[in-house]
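Colleague: Chains as they are written, first to last, in my numbering: chain B, 9 to 151; chain H, 55 to 174. From the three backbone atoms N, C-alpha and C, an ideal C-beta is built for every residue, glycine too.
Okay, here's the thing in C-alpha cells:
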C-alpha cells in the first residue's frame, strides 16, 4: 500500500459544500484500491467528522495519511471546542441548533457513529481551544 | 430488487442516474436523519428520505447506496441533481409518504438492514 499524506480545508457553516472533502477522500481510497468495507467505514467517519466541523467548528482541516497497514484521518478545527468529551460520545447528545437539525444532522449520532466504525478514536478538546480528532482504520483488521 | 422495479412500485420519476436503473437493491433504509442512514450503510442499500438537501445525496454516496428515493413529493434542487449525476447516483422522486413507500417495497420483498437480505 503506498504511503501518502493529503490535507483538505473544511469551511465552517458552509452547508452546501459540507461533505465534499469526505467524497474526495472516498474517491482517492477507491482509486488506490482499498477494500470496500474499510473505505465505507473510513468515509462514514470522515463525513461525520467533517459535518461536526461545519456545524460546530471554526476553520478546519482534514488530513488523510496512508501507510502500509492503516488509513488515518485527522480532523482539526479552531472552533469553540467540546466541554465534556464523554457526554459528546453519548448517543443522542447534541448541542446543534434547529437549523442544523432541519438538514438532517445534529441528532447526536455523529461521534457514536465514528466510535462504531473506526478502529481507534482519539478526541482532544478544550473549551474555546478547538478540537482534534484522530481516527484510524486497520487495513488488516480481522472483523 | 432492481431500481427500475422500485421506480414502478412507487410510481416514481427518475431525476438522475437513468443509466443505472438495472442496479439491484438488496436492503432498504429510510430516515430523514443522515446519521441514522450512515448507520445503515452497506453495499446494495437503497435509501428513502424526505430530506431534500444536497446532504441526502452525499449521505447516499458515502453509504455506498445504489439509489436515493425522495418521498412526499420532495423535489431536488439543482445542486442535488448535479451531485447525483456527477456520481452516477440514481435519484428518484415519489409522491408517497415515507411510511407508505417503505411498506410498498417491503410488500414486494425488500427488507431492512436489520433482516437478512432479500433475494435479488
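Any chance the stretch 61 to 70 of chain H sits against the stretch 119 to 133 of chain B, with 3 or more Cβ pairs inside 8 Å?
Modeller: Verdict: no, contact absent.
Colleague: Would you kindly work out how many angstroms separate the C-alpha atoms of residue 48 of chain B and residue 95 of chain H, rounded to a whole number?
Modeller: 8 Å
Colleague: Could you pull the start and end residues of the beta strand (DSSP E) that residue 78 of chain B belongs to?
Modeller: 78 to 85
Colleague: What does a CB cutoff of less than 7 Å around residue 5 of chain B pick up in its chain, not counting 5 residues either side in sequence?
Modeller: Limits of chain B in this structure are 9 at one end and 151 at the other, which puts residue 5 of chain B out of reach.
Colleague: Leaving aside the five residues before and after residue 17 of chain B along the sequence, list all residues of the same chain whose C-beta is less than 7 Å from its C-beta, in chain order.
Modeller: 69
Colleague: In chain order, which continuous runs of the beta strand (DSSP E) of length 3 or greater are located wholly inside the stretch 56 to 85 of chain H?
Modeller: 67 to 70, 81 to 84
Colleague: Between the Cα of residue 114 of chain B and those of B:60, B:82, B:91, B:67, spot the shortest distance and give me the residue it belongs to.
Modeller: When only C-alpha atoms are compared, the closest one is B:60.
Colleague: Taking the alpha-carbon positions, what's the residue 151 of chain B to residue 121 of chain H distance?
Modeller: Note that residue 151 of chain B has pLDDT 47, beneath the 50 cutoff, so the model's placement of it is unreliable and no number is given.
Colleague: Would you mind reading off the limits of the beta strand (DSSP E) that contains residue 99 of chain H?
Modeller: 99 to 103
Colleague: Evaluate residue 106 of chain H with the Cβ neighbour count: other Cβ atoms within 10 Å of its Cβ, from every protein chain shown; 16 or more gives buried, anything less gives exposed.
Modeller: buried
Colleague: When you compare the CB of residue 101 of chain B with every CB in chain H, is at least one pair closer than 8 Å?
Modeller: no
Colleague: For residue 18 of chain B, write down the residues that DSSP places opposite it in a beta bridge.
Modeller: In the DSSP assignment, the residues bridged to residue 18 of chain B are B:68.
Colleague: Go ahead and pull the three-state DSSP assignment for residue 121 of chain H.
Modeller: In the structure shown, residue 121 of chain H sits in a strand (DSSP, three-state: E or B).
Colleague: Could you check whether the stretch 84 to 100 of chain B touches the stretch 33 to 50 of chain B, counting it as contact only if at least three pairs of C-beta atoms, one from each stretch, sit closer than 8 Å?
Modeller: no
Colleague: Could you spell out where the alpha helix (DSSP H) holding residue 123 of chain B opens and where it closes?
Modeller: 118 to 125
Colleague: Among B:112, B:90, B:111, which one has its Cα closest to the Cα of residue 103 of chain B?
Modeller: B:90
Colleague: In whole angstroms, what separates the C-alpha of residue 116 of chain H from that of residue 58 of chain H?
Modeller: 22 Å
Colleague: Consider the Cβ of residue 145 of chain H: report whether some Cβ of chain B lies at a distance smaller than 8 Å.
Modeller: no
Colleague: What separation, rounded to the nearest whole angstrom, lies between the Cα atoms of residue 137 of chain B and residue 85 of chain B?
Modeller: So the two alpha carbons sit approximately 9 Å from each other.
Colleague: For residue 34 of chain B, which residues in the same chain have their Cβ closer than 6 Å to its Cβ, ignoring the five residues on either side in sequence?
Modeller: Excluding sequence positions up to five before and after residue 34 of chain B, its CB lies within less than 6 Å of the CB of 51, all in the same chain and listed in chain order.
Colleague: Just checking my contact of residue 102 of chain H with residue 123 of chain H at CB under 8 Å: how many whole Å lie between their CB atoms?
Modeller: 5 Å
Colleague: Any Cβ of chain B within less than 8 Å of the Cβ of residue 88 of chain H?
Modeller: It does: the Cβ of residue 88 of chain H has a partner Cβ on chain B nearer than 8 Å.
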